[in-house]
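Below: the structure, in structure tokens.
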Amino acid sequence: MRTGLLTEGGYPYASGDAGLWCDRLVRGLGQHEFDLYALSRSRHQEEQGLLPLPPQVTRVRTAPLWTAEGDGGAVGYGRRARRRFTEHYGELAGAVCAAADGSASGAVADRFANALYGLAELAREERGLGAALRSDLGVRTLERACRAPGAPRMAREARVADLLTVTGHLERALRPLSLDWYGEDALGAADLCHATSGGPAALPGLLARHFCGVPLLVTEYGVHLRAHYLGQGPGAAPAVRALLAAFHGRLATEIYRRAEILTPGNAHARRWQERCGADRARIRTVYPGMAADGFTEAGEAPDRADPDTLVWVGRVEPAKDLVSLLHAFAQVRRQEPGARLRIVGSPDGPEGTAYLGHCRALAAQLFPDEAEGAHAVGCNPVSFDEIGSPDAPTLPEVYASGAVVVLSSVVEGFPTGLIEAMFCGRATVSTDAGAVVEVIGGTGLVVPPRNPRALADACVALLRDPERRARLGAAARARALELFTVEQNVAAFHGIYLEIVSHCPVRRDLLDASGAPLPFAAPAESHVPAHWPATPTWALPTTEPAR
Numbered sequence: 144m145r146t147g148l149l150t151e152g153g154y155p156y157a158s159g160d161a162g163l164w165c166d167r168l169v170r171g172l173g174q175h176e177f178d179l180y181a182l183s184r185s186r187h188q189e190e191q192g193l194l195p196l197p198p199q200v201t202r203v204r205t206a207p208l209w210t211a212e213g214d215g216g217a218v219g220y221g222r223r224a225r226r227r228f229t230e231h232y233g234e235l236a237g238a239v240c241a242a243a244d245g246s247a248s249g250a251v252a253d254r255f256a257n258a259l260y261g262l263a264e265l266a267r268e269e270r271g272l273g274a275a276l277r278s279d280l281g282v283r284t285l286e287r288a289c290r291a292p293g294a295p296r297m298a299r300e301a302r303v304a305d306l307l308t309v310t311g312h313l314e315r316a317l318r319p320l321s322l323d324w325y326g327e328d329a330l331g332a333a334d335l336c337h338a339t340s341g342g343p344a345a346l347p348g349l350l351a352r353h354f355c356g357v358p359l360l361v362t363e364y365g366v367h368l369r370a371h372y373l374g375q376g377p378g379a380a381p382a383v384r385a386l387l388a389a390f391h392g393r394l395a396t397e398i399y400r401r402a403e404i405l406t407p408g409n410a411h412a413r414r415w416q417e418r419c420g421a422d423r424a425r426i427r428t429v430y431p432g433m434a435a436d437g438f439t440e441a442g443e444a445p446d447r448a449d450p451d452t453l454v455w456v457g458r459v460e461p462a463k464d465l466v467s468l469l470h471a472f473a474q475v476r477r478q479e480p481g482a483r484l485r486i487v488g489s490p491d492g493p494e495g496t497a498y499l500g501h502c503r504a505l506a507a508q509l510f511p512d513e514a515e516g517a518h519a520v521g522c523n524p525v526s527f528d529e530i531g532s533p534d535a536p537t538l539p540e541v542y543a544s545g546a547v548v549v550l551s552s553v554v555e556g557f558p559t560g561l562i563e564a565m566f567c568g569r570a571t572v573s574t575d576a577g578a579v580v581e582v583i584g585g586t587g588l589v590v591p592p593r594n595p596r597a598l599a600d601a602c603v604a605l606l607r608d609p610e611r612r613a614r615l616g617a618a619a620r621a622r623a624l625e626l627f628t629v630e631q632n633v634a635a636f637h638g639i640y641l642e643i644v645s646h647c648p649v650r651r652d653l654l655d656a657s658g659a660p661l662p663f664a665a666p667a668e669s670h671v672p673a674h675w676p677a678t679p680t681w682a683l684p685t686t687e688p689a690r
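Spelled out as structure tokens, the structure:
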């Protein structure tokens, strides 16, 4: 089977999102061929180069989403093409600006889809769409849709600067429409398109389905629409936020409508997909696969952890809410004076660096250095380390050093660190954010976010009960080994690939080197080698013997 793997800002680039699980998937499905179609997000990502690829990867094609195309000048189309562009782009902008509530939602979705495929066909014929989208004609077409009767107030209030910002974003998001990936020598030759995220990464899959009938599988471990909502900073103008949110919402709806199967990574992502119109019957939850080998020794070895130590591991950023964790630990110390807290992680960008400095200052304020006696050197019960430092050489050793692993996030997707702690057989205390409850499944304690008192009470309860810690840790390790390993992830996708292709065979006369039809090139029921009589034998009259 030949699979076209579609990525954005990740695999096969050395830096980016979702690279590790894509590489494990490709290497785990060695019986299939993979063609990689990757959209890059920055010059730096392209300069970092590609990962070493396994032999089953037969082709790699890339395209940038970060370069500035077009100068806002002439469209470059003839009169007929300009008229078609104005019609289709006007319909797409009108669908973005239309209210899609109640009975009108289906009509708006159809309007957006027809305009999207109309633009794709125009781009295919005219060899590109970027200059037209950035042109004065494109901006005026978007402005007319925003000023049309019935448009939302935010759209009607959009200024010229807002329209230019939205135009630039739409041109980059729609850039896959202008790629030459949809012929019989590219995605048209694939048996299946597998998009590793929603948004622009899934657009080539939509077009391969539209032009060549190739079925589409969409995997979302982080919902692209949710990431867009969270990524719109407070500095963006209200009109820009409203228009871009509407566009990505319409695009997500079309992707979910057309995909043969959707594979969210957890129930949290699944609910987002269902809210955007995904058919529940076509959704299969497939948990991300993680390598458990490195945590085997920590999970199976006798418990040598300090019974009074709490461990936190992750990226240091405001969403992890280390401030609440430090306040909770202050309450833990009042009940368990010997307790210690290890914070192990690296800051995420400049904001994370500033946040780490704030947390260090807060820890010094809440917990002045303490000494056991008059001649001893004082130390702080809260320590800050990074993976690879002398006190925190490896992740398994960090998790094994504590009796309880704590997660204090207010915003969380799929809690990778929590699964690593479960592989190590550690009892956990977590806040109810993202997919935490689904991952824990009753093998750890869960408290509300931004509630230091509840977090402290749960930590104290486990610190005082070693038997309960051991019981929860063993159950957590068993659950993680059953649900969250690389092997179960690869096996799930292997079955889904076969399910899709068996139900949606590519209608082409494909032959292998010996001239025999390739598997799945036609439905199994389309050819019966034997000759069957017109009338079945059981329906022929029989002669009863004389009595």
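Heads up: the sequence shown runs through residues 144 to 690, numbered per the working numbering.
Just so you know, even glycine gets a beta-carbon here, dropped at the ideal spot from N, CA and C.
Do A161 and G173 have their beta-carbon atoms positioned less than 8 Å apart in this structure? no
I want to check one thing, is the minimum distance from the CB of P595 to the heavy atoms of the ligand SAM below 7 Å? The ligand SAM is absent from the structure shown, which contains no ligand whatsoever.
Any chance the region 176-185 sits against the region 194-207, with 3 or more Cβ pairs inside 8 Å? yes
Thinking just about the alpha-carbon of each residue, which of A344, E264 and V366 is nearest to the one in S183? A344
Contained alpha helix (DSSP H) runs [length at least 4] in the region 280-337, N- to C-terminal order: 296-299 and 303-316
Simplified DSSP state of I486, which is helix, strand or coil: strand
Relative to the alpha-carbon of V633, which residue among P524, V169 and R477 has its alpha-carbon at the smallest distance? V169
Which residue from H501, T586 and F510 puts its Cα closest to that of Q474? F510
Taking buried to mean at least 16 other C-beta atoms within 10 Å of its own C-beta, is A410 buried or exposed? exposed
Does the Cβ-Cβ distance between G432 and T574 come in under 8 Å? no
To which residues does DSSP link D449 through a beta bridge? G545
Considering just the uninterrupted stretch of the alpha helix (DSSP H) at R401, what are its terminal residues? P381 to R401
Would L208 and R369 be called neighbours here (beta carbons separated by less than 8 Å)? no
Can you give me the C-alpha to C-alpha distance between H371 and P558, rounded to a whole angstrom? 19 Å
Tell me which same chain residues have a C-beta within less than 7 Å of the C-beta of A593, skipping the five on either side of it? Here the sequence assigns Arg to residue 593, which means Ala is not the residue at that position. Answer for R593: D464, S467 and V553, listed in chain order.
Spatial neighbours of F438 within its chain, please: C-beta separation below 7 Å, excluding the five flanking residues on both sides. P539, E563, F566 and C567
Are the beta-carbon atoms belonging to A635 and V429 less than 8 Å from one another? yes
Taking Cβ positions, are I398 and G331 nearer each other than 8 Å? no
Three-pair Cβ contact test at 8 Å for the region 540-551 versus the region 477-489: yes
Could you check where the beta strand (DSSP E) with T205 kicks off and where it finishes? V200 to P207
Proximity below 8 Å, CB of I718 to CB of R413: Nothing can be reported for residue 718: it is not among the residues displayed for the chain, which extend from 144 to 690.
Tell me the rounded alpha-carbon separation between Y156 and R476. 46 Å
From what residue to what residue does the alpha helix (DSSP H) around I562 run? T559 to F566
Identify the continuous beta strand (DSSP E) that holds T339 and give its terminal residues. Note, T339: premise wrong, no beta strand (DSSP E); not H, not E.
Integer Cβ distance of L285 from V309, believed to fall under 8 Å: 7 Å
Rounded distance between the beta-carbons of C602 and V541, thought under 8 Å: That belief does not hold up - the Cβ atoms of V541 and C602 are roughly 17 Å apart, past 8 Å.
Could you check what DSSP says for F636 in three-state terms: helix, strand or coil? helix
Secondary structure at L172, three-state DSSP: helix, strand or coil? coil
Less than 6 Å between C-beta atoms, sequence neighbours within five positions excluded: which residues of the same chain meet that for S669? Residue placement at S669 is poorly supported in this model, since its pLDDT is 48, which falls under 50; the coordinates are not used for a value here.
Could you tell me the distance, in whole angstroms, from the CA atom of G216 to the CA atom of R277? In this prediction, G216 scores a pLDDT of 43, lower than 50, which makes its location untrustworthy; the coordinate-derived value is nonetheless stated afterwards. Distance between the alpha carbons of G216 and R277 is about 8 Å.
Separation of R393 from G245, as counted between CA atoms: Interpretation of G245 is limited by its pLDDT of 41, a score under 50 that renders its predicted location unreliable; no figure is taken from the coordinates.
Go to P407, then tell me how far its alpha helix (DSSP H) extends in each direction, as first and last residue. Careful: P407 lies outside any alpha helix (DSSP H), inside the beta strand (DSSP E) at I404 to P407.
What residues match up with G147 in a beta bridge as DSSP calls it? D178 and C336
Rounded distance between the beta-carbons of L148 and D166, thought under 8 Å: 11 Å between Cβ atoms; not a contact.
Would you call the region 381-389 and the region 183-192 in contact, with 3 or more CB pairs under 8 Å? no
CB of A751 within 8 Å of CB of L322, strictly: Look at the range of the chain in this structure, 144 to 690, and you will see that residue 751 is not part of it.
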